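Asks: Sharing a structure, written as structure tokens. Questions coming.
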Amino acid sequence: EGIVHSVPYDTSPFVNASIEKVLHTLIEAVGLVFVVMLIFLQSFRYTIIPILVVPVALLGTVAVMLATGFSINVLTMFAMVLAIGILVDDAIVVVENVERIMMEEGLSPKEATRKAMNQITGAILGITLVLACVFIPMAFFPGGTGVIYRQFSLTMVVAILFSAFLALSLTPALCATFLKPIKEGHHGKRGLAGWFNRGLDRVTSGYSWAAGGFAKRAGRVMLIYLLIGGALGYLFLKLPSGFVPNEDQGFLIVGVQGTPESSAQRTSQSINQVEAILRTEPSVKDIVAVLGFGFSGVGPNAAIAFVSLKDWSERGEGQGVQDIANRLNMQLFGLKDVAMAFAVSPPPIEGFGLSEGFTFRLQDRGG
Numbered sequence: 004e005g006i007v008h009s010v011p012y013d014t015s016p017f018v019n020a021s022i023e024k025v026l027h028t029l030i031e032a033v034g035l036v037f038v039v040m041l042i043f044l045q046s047f048r049y050t051i052i053p054i055l056v057v058p059v060a061l062l063g064t065v066a067v068m069l070a071t072g073f074s075i076n077v078l079t080m081f082a083m084v085l086a087i088g089i090l091v092d093d094a095i096v097v098v099e100n101v102e103r104i105m106m107e108e109g110l111s112p113k114e115a116t117r118k119a120m121n122q123i124t125g126a127i128l129g130i131t132l133v134l135a136c137v138f139i140p141m142a143f144f145p146g147g148t149g150v151i152y153r154q155f156s157l158t159m160v161v162a163i164l165f166s167a168f169l170a171l172s173l174t175p176a177l178c179a180t181f182l183k184p185i186k187e188g189h190h191g192k193r194g195l196a197g198w199f200n201r202g203l204d205r206v207t208s209g210y211s212w213a214a215g216g217f218a219k220r221a222g223r224v225m226l227i228y229l230l231i232g233g234a235l236g237y238l239f240l241k242l243p244s245g246f247v248p249n250e251d252q253g254f255l256i257v258g259v260q261g262t263p264e265s266s267a268q269r270t271s272q273s274i275n276q277v278e279a280i281l282r283t284e285p286s287v288k289d290i291v292a293v294l295g296f297g298f299s300g301v302g303p304n305a306a307i308a309f310v311s312l313k314d315w316s317e318r319g320e321g322q323g324v325q326d327i328a329n330r331l332n333m334q335l336f337g338l339k340d341v342a343m344a345f346a347v348s349p350p351p352i353e354g355f356g357l358s359e360g361f362t363f364r365l366q367d368r369g370g
């Protein structure tokens with residue numbers, strides 16, 4: 004009783020919040036894919052087949068991740084979110100081709116599926132190999148970049164391979180058993196579906212007309228294309244660059260460096276000044292200061308403070324970690340008996356530096 008404790012430095016809330024956000028995005032992606040397929044396929048039976056492929060493919064991907072020692076982290080989860088569209092793409096190709104054959108030739112679902120797979124098996128394998136070849140090289144990037152992107156790229160490749168495998172096995176089986184026969188030549192749709200199809204036909208016709216017009220004016224179109232490409236290249240060179248983006252991880256690190264002659268007692272008084280400034284920020288939750296070492300090394304004139312911020316939901320506009328750090332640095336500049344004091348957010352990835360990145364330019368003025 005009478006003892007109060009707090010955890011001043013804990014990275015797990017940020018990691019848990021990031022994974023939870025990606026998980027929500029994964030669920031939203033599956034829901035949006037279902038809605039889009041239902042709008043265009045206009046049949047629950049045709050829509051449910053690609054959706055059934057998604058959990059099976061993700062389950063297989065997670066099993067491979069477990070076997071290879073990968074973990075559930077932001078990058079692997081992001082890879083699975085990105086793979087959602089690819090997972091259903093192969094299944095949609097199979098389903099639509101089966102539907103087309105049943106509508107045009109009046110075959111049974113089983114016969115239509117057999118004929119459809121004879122037509123598109125090569126295309127599915129080709130698409131899979133092309134996509135895999137895009138992501139596999141990322142696993143062999145050297146240095147820190149390779150460490151970051153290896154699990155992402157391999158997770159994508161595994162998901163793509165499972166998508167192709169299921170498109171050649173599970174999806175045809177579902178088409179042959181789950182779909183209903185369609186009378187030959189029965190193409191009409193009524194109601195909302197008919198209205199949507201007519202509108203889509205008008206858009207398609209307009210696009211075809213525009214494409215034909217562009218083809219007749221190929222020279223001018225290529226000139227405009229080159230101008231757009233040049234503008235994009237110029238803007239790309241002007242954009243700031245960085246290794247990885249900075250993140251609001253919910254805490255700050257404040258480095259304090261006293262003057263060379265400062266004693267431990269003098270540095271302790273400086274830390275008290277720093278803490279008083281930190282307390283002026285309403286988003287600061289806890290402060291733990293340690294004397295004897297800092298960013299510049301160890302010694303009686305060095306100190307470091309770990310500042311925990313309130314939960315993201317409790318912070319309003321202008322209370323991001325970078326906004327808070329900027330305001331604190333303005334107040335920390337010029338403290339008495341302090342050679343240097345500054346607040347920084349931690350590095351986005353532990354082990355790649357002591358703080359966030361920064362941009363600088365080096366100019367040779369020696370001629």
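Sequential numbering from 4 applies to the sequence shown in our numbering. Backbone N, C-alpha and C define an ideal beta-carbon position, used for all residues, glycine too. Note that the structure is a prediction, hence the values are computed from the model and not measured.
1) Per DSSP, which residues does residue 347 bridge with? Please list them.
2) Please state if the CB of residue 101 and the CB of residue 53 are separated by a distance shorter than 8 Å.
3) Specify, as a first and last residue, the run of the alpha helix (DSSP H) that residue 85 falls within.
4) Measuring only the C-alpha atoms, how far is residue 95 from residue 122?
5) Given this structure, state the Cα-to-Cα distance separating residue 164 from residue 32, to the nearest angstrom.
6) By a C-beta neighbour count over all protein chains shown, 10 Å radius and 16 as the cutoff for buried, is residue 93 buried or exposed?
7) Whole angstroms is fine: what's the gap from residue 91's alpha carbon to residue 169's?
8) DSSP three-state label for residue 7, please.
9) Could you give the DSSP three-state label for residue 21: helix, strand or coil?
10) Assuming residue 292 and residue 306 make a contact with CB atoms under 8 Å, what is their CB distance in whole Å?
11) May I have the straight-line CA-CA distance separating residue 241 from residue 345, to the nearest angstrom?
12) Buried or exposed for residue 136, going by 16 or more other Cβ atoms inside 10 Å?
13) Does residue 350 pass the burial test, meaning 16 or more other C-beta atoms within 10 Å, or should it be called exposed?
14) Using CA atoms only, rank isn't needed, just tell me which of 274, 318, 272 and 159 is closest to residue 68.
15) Would you list the residues sitting across from residue 289 in a DSSP beta bridge?
16) Going by beta-carbon coordinates alone, are residue 65 and residue 25 separated by less than 8 Å?
17) In three-state DSSP terms, what is residue 304?
18) Can you check DSSP and say which residues form a bridge with residue 261?
19) Determine the closest residue to residue 304 out of 57, 272 and 205, with distance taken between C-alpha atoms.
20) Under 8 Å, do residue 221 and residue 112 count as touching if we go by C-beta distance?
21) Let me know the alpha helix (DSSP H) ranges lying completely inside the region 170-218, each 4 residues or longer, listed in chain order.
22) Considering only their Cβ atoms, is the gap separating residue 335 from residue 280 smaller than 8 Å?
23) For residue 154, count neighbouring Cβ atoms within 10 angstroms of its own Cβ and tell me buried if that reaches 16, exposed if not.
24) Express the C-alpha separation of residue 19 and residue 309 in angstroms, rounding to a whole number.
25) Relative to the alpha-carbon of residue 269, which residue among 317, 339, 139 and 319 has its alpha-carbon at the smallest distance?
26) So, under 8 Å CB-CB, residue 347 and residue 256 are touching, yes? Tell me the CB distance rounded to an integer number of Å.
27) Give me, in chain order, the residues of the same chain whose beta-carbon lies closer than 7 Å to that of residue 287; leave out the 5 immediate sequence neighbours on both sides.
28) Apart from the five residues on each side of it in sequence, which residues of its chain come closer than 6 Å, Cβ to Cβ, to residue 228?
29) Can you tell which of 132, 119 and 144 has the C-alpha that lies nearest to the C-alpha of residue 172?
Replies: In brief:
1) In DSSP, residue 347 forms a bridge with 256.
2) no
3) 77-108
4) 14 Å
5) 20 Å
6) buried
7) 10 Å
8) coil
9) helix
10) 6 Å
11) 29 Å
12) exposed
13) buried
14) 159
15) 311
16) no
17) strand
18) When beta bridges are read from the DSSP output, residue 261 appears opposite 341.
19) 272
20) no
21) Whole alpha helix (DSSP H) segments, 4+ residues: 173-181.
22) yes
23) It counts as buried.
24) 20 Å
25) 339
26) 6 Å
27) 281, 310 and 312
28) none
29) 119
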